[in-house]
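In the order they appear, the protein sequences are chains Z and B.
The first sequence runs 166 to 275 under the numbering used here.
The second sequence runs 15 to 124 under the numbering used here.
All C-beta atoms in this analysis are idealised placements derived from N, C-alpha and C, irrespective of residue type, glycine included.
One structure is given below, encoded as structure tokens.
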Amino acid sequence: NAGVTQTPKFRILKIGQSMTLQCTQDMNHNYMYWYRQDPGMGLKLIYYSVGAGITDKGEVPNGYNVSRSTTEDFPLRLELAAPSQTSVYFCASTQFYEQYFGPGTRLTVT
Amino acid sequence: KNEVEQSPQNLTAQEGEFITINCSYSVGISALHWLQQHPGGGIVSLFMLSSGKKKHGRLIATINIQEKHSSLHITASHPRDSAVYICAVRQRDNTDKLIFGTGTRLQVFP
Numbered sequence: 166n167a168g169v170t171q172t173p174k175f176r177i178l179k180i181g182q183s184m185t186l187q188c189t190q191d192m193n194h195n196y197m198y199w200y201r202q203d204p205g206m207g208l209k210l211i212y213y214s215v216g217a218g219i220t221d222k223g224e225v226p227n228g229y230n231v232s233r234s235t236t237e238d239f240p241l242r243l244e245l246a247a248p249s250q251t252s253v254y255f256c257a258s259t260q261f262y263e264q265y266f267g268p269g270t271r272l273t274v275t
Numbered sequence: 015k016n017e018v019e020q021s022p023q024n025l026t027a028q029e030g031e032f033i034t035i036n037c038s039y040s041v042g043i044s045a046l047h048w049l050q051q052h053p054g055g056g057i058v059s060l061f062m063l064s065s066g067k068k069k070h071g072r073l074i075a076t077i078n079i080q081e082k083h084s085s086l087h088i089t090a091s092h093p094r095d096s097a098v099y100i101c102a103v104r105q106r107d108n109t110d111k112l113i114f115g116t117g118t119r120l121q122v123f124p
């Protein structure tokens, strides 16, 4: 199993641009999450999904959108990127309460 | 006040020393996780606890539900243990959502 994979690893965006962060898991997990990690702060939940077709907002959803059309994929969309969205983004999935994290995407918005 | 507090924020040790990292939380939980984040950024799950104590190799995790407190101990520390250790609590709902501490940065010197 590849586990949880994320692409890209790094990206620099200009203010106002859009992009999609990809997340895929091959473990058939129902629960998936997007977090952001800012320096000196704990991970914050952006969006989560408890299964295909079901998504819900986390703590910090503004400026982001998600979709979950399949069990495997949980892409995170940034519309109109802002400098406040500069962060490291982690996707994760869980099964039987064990958390599996992707390697992260480091995004800079300038 | 954060719902999950870790101490210390930073910790340096000499190789071989016994390390303790503490985590206190203020919400009702169904489980507590200890995670490790290496300088490369990847996050791995070390322990998931709902009561008592767990041990993997040189790592020991304990939890006191009444006191709302958990500790992570590293015996015979080694430079490869240098990482950020993150405490996270699972809320008592059916979404598997976690609340994260800000992490403890550990550096072990030879």
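Checklist entry - Is any beta-carbon of chain Z found at less than 8 angstroms from that of residue 115 of chain B? => result yes
Next on the checklist: Taking the beta strand (DSSP E) that residue 208 of chain Z belongs to, which residues open and close that run?
Outcome noted: Here residue 208 of chain Z belongs to no beta strand (DSSP E), and DSSP marks it neither H nor E.
Checklist entry - Which residues share a DSSP beta bridge with residue 24 of chain B? => result B:119
Next on the checklist: Determine, for residue 237 of chain Z, whether the minimum Cβ-Cβ distance to residues of chain D falls below 8 angstroms.
Outcome noted: Absent from the structure: chain D. Protein chains present are Z and B.
Checklist entry - With 8 angstroms set as the bound, which would you pick, yes or no: does the beta-carbon of residue 229 of chain Z sit closer than that to a beta-carbon of chain B? => result no
Checklist entry - Which of the residues in the segment 197–219 of chain Z, read from start to end, lie with their CB under 7 angstroms from any CB of chain B? => result 205, 206, 207, 208, 210, 213, 215
Item to check | DSSP-derived helix/strand/coil call for residue 182 of chain Z | outcome: coil
Checklist entry - What residues in its chain sit with their C-beta under 6 angstroms from that of residue 84 of chain B, if we drop five residues either side in the sequence? => result 37, 46, 77
Next on the checklist: With three or more C-beta pairs closer than 8 angstroms as the rule, is the segment 15–35 of chain B touching the segment 236–250 of chain Z?
Outcome noted: no
Checklist entry - Cα-Cα, which of B:124, B:111, B:117 is closest to residue 43 of chain B? => result B:111
Item to check | Buried/exposed call for residue 197 of chain Z, threshold 16 Cβ in 10 Å | outcome: buried
Item to check | Reference residue 89 of chain B, options B:62, B:122, B:80, closest by Cα | outcome: B:122
Item to check | Contact set between residue 104 of chain B and chain Z, taken where Cβ atoms lie within less than 8 angstroms | outcome: 262
Next on the checklist: When you compare the segment 205–216 of chain Z with the segment 168–175 of chain Z, are there three or more beta-carbon pairs, one atom per stretch, that lie closer than 8 angstroms?
Outcome noted: no
Checklist entry - Tell me, which residues are paired with residue 255 of chain Z by DSSP? => result Z:200
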